[in-house]
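Residue numbers (the working numbering): 320 to 520.
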């Protein structure tokens, strides 16, 4: 910086007065400082960014987690569906078994009456009534409405699995939050079933 009386140029940044020679030296120093404190830092930062793993590489681990979740979820859903099929078959089998046992009791009574030749009009009416009741039960069993499926569709598929940034200083990377409001299949005393599955990956 030159004496104010002798200075011919003023720096707009530091407001100092310079003669032409010193002003040029000052500009050269500013240029060197700019290269060191701005340009170099910028270039270093750019190099660091380029050295960071590309997004598709970084996401490989998260995508692998999603793949694992998809596979395990499909397996769990298939198990639930298989349990439901078994329950349907079991309910129909129970009805069939009950009808078979009741018809067997009537058959024993018919054989006894025929063997002893001791039946009368009231026996015929009574046995007809039992057979008609069994026929009605069989007809009802053949109707699928006799067994009701309880299916819970209250699932927000858009929130079943999703990615979000984790908050907090200790959490710097992306994270997958997995929510699945389904863990086992449960049956109530009426033979109805519902789902309850929890998945955490």
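The beta carbon of each residue, even a glycine, is placed where N, CA and C say it ideally should be.
Quantities reported herein were computed from a predicted structural model and do not represent experimental measurements.
Let me know if residue i comes out buried or exposed under the rule of 16 or more other beta-carbons within 10 Å of its beta-carbon.
i	result
residue 353	exposed
residue 347	exposed
residue 492	For residue 492, the pLDDT reaches just 43, beneath the cut-off of 50, and the residue's location in the model is therefore unreliable, although a value from the coordinates is still provided. Exposed.
Hey, residue i and residue j: beta-carbon distance below 7 Å or not?
i	j	result
residue 410	residue 466	yes
residue 455	residue 425	no
residue 338	residue 327	yes
To the nearest whole angstrom, what separates the beta carbons of residue i and residue j, a pair I think is in contact under 8 Å?
i	j	result
residue 345	residue 330	6 Å
residue 453	residue 442	Contact doesn't hold; Cβ gap of about 16 Å is too wide.
residue 460	residue 390	Not confirmed; about 39 Å, so no contact.
residue 446	residue 429	7 Å
residue 480	residue 385	7 Å
Can you pull the DSSP bridge partners for residue i?
i	result
residue 337	328
Start and end of the alpha helix (DSSP H) containing residue i?
i	result
residue 455	440-460
residue 370	359-370
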